[in-house]
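Using the working numbering, the letters of the sequence shown map in sequence onto residues 41 to 280.
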Amino acid sequence: MTIYSHIKTSIAEAKRLLAVLIDPDKTQLDTIEGIVAKINQSIATHIFVGGSEVDEGVTEVLVKAIKHHTELPIILFPGDVTQITDKADGILFLSLISGRNPDYLIGKHVEAVSKLVKTQLEVLPTGYILIENGKQTAVERVSNTKPLSRTNKQHIADTAKAGAFLGMQLIYLEAGSGATHPIEPEIISAVKQELNIPLIVGGGIRSKAQLEAAYEAGANLVVIGTAFENNQHFFEQLKS
């Protein structure tokens, strides 16, 4: 079964999906075995690997190390084409539809094709929507785009719907790495009402209550990153 088929089947069965994001730029190889052991013991269903600023070759080494310790699907969440590696199982083919920088709407994608066609990666077209969280994120800085305002739910929902009309298989609402607070349930709900494709939500989720709120509002797959590594109490709550 493909990654996307599994996601859709899980949603049809009312299963909640959880991805742990591992940033190659912030992760030491000698810590991977321990990190992945915790992930394996949790309710996580996927592992995302990627970051906004990662040196070439680092992602592949990290993915290979993770593969040694888990059977969970590993999906690339790339900030640049240099993070593409065929050692993973799939890739979020991210189009930053909240911004208007052509490089991140289509330019980087064209650049990536010559690499992707040489791999067996499952390509998952994903409409990526950055939502402001009170401080500048690495995505905003690197992509030279502005996030959407949290105060305009309709504009966020319309942007997500436009992504669906364009043929995206997934919509990803992102508050950004290290966000001061997660995306409000009201925003998630407004977006979900416009979609018939899976909805991913990430950024700023640091507690079980915030995780539950995202699911209850309509998130099909939630992404956590630093909270998983830094908050042992949160990890204990996520054990399977």
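Glycine included, each C-beta is placed from N, C-alpha and C at the ideal position.
Checklist entry - How about Ser-183 and Glu-172: are their beta carbons less than 8 angstroms apart? => result The answer is no: Cβ separation not under 8 angstroms.
Checklist entry - What three-state label does DSSP hand Val-182 in the structure shown? => result helix
Checklist entry - Where do the ends of the alpha helix (DSSP H) carrying Ile-171 lie? => result Looking at the DSSP string, Ile-171 is not in any alpha helix (DSSP H), and its letter there is neither H nor E.
Next on the checklist: Quick check on Lys-155: does DSSP put it in helix, strand or coil?
Outcome noted: Secondary structure of Lys-155 (DSSP, three-state): helix.
Item to check | Validate contact between the segment 97-109 and the segment 134-151 using beta carbons, cut 8 angstroms, 3 pairs | outcome: Counting Cβ pairs under 8 angstroms, fewer than three are found: no touch.
Item to check | Candidates Lys-48, Ala-204, Tyr-212, Gly-243, of which the one nearest Ile-223 by Cα | outcome: Taking the Cα of Ile-223 as reference, the smallest distance to any Cα among Lys-48, Ala-204, Tyr-212, Gly-243 is reached at Gly-243.
Next on the checklist: For Tyr-168 and Leu-134, which I take to be in contact (beta-carbon distance under 8 angstroms), what is that distance rounded to the nearest angstrom?
Outcome noted: 4 angstroms
Checklist entry - At which residue ranges does the segment 65-96 contain complete beta strand (DSSP E) runs of 3 or more residues, listed in the order of the chain? => result 86-89
Checklist entry - Which residues share a DSSP beta bridge with Gly-242? => result The beta-bridge partner set that DSSP reports for Gly-242 consists of Glu-214, Val-263.
Checklist entry - When the Cα of Lys-155 is compared with those of Ile-146, Lys-175, Glu-180, Gln-123, which residue comes out closest? => result Gln-123
Checklist entry - What do you get for Met-208, buried or exposed, if any count of 16 or more other CB atoms within 10 angstroms of its CB means buried? => result buried
Item to check | As assigned by DSSP and simplified to three states, the class of Gly-203 | outcome: Three-state DSSP puts Gly-203 in a helix.
Next on the checklist: Determine whether the beta carbon atoms of Val-103 and Thr-71 lie at a separation below 8 angstroms.
Outcome noted: no
Item to check | Residue closest to Ala-128, alpha-carbon to alpha-carbon, out of Glu-151, Val-121, Ile-146, Glu-162 | outcome: Glu-162
Checklist entry - What are the start and end residues of the alpha helix (DSSP H) that includes Ser-50? => result For Ser-50, the enclosing alpha helix (DSSP H) starts and ends at 43-52.
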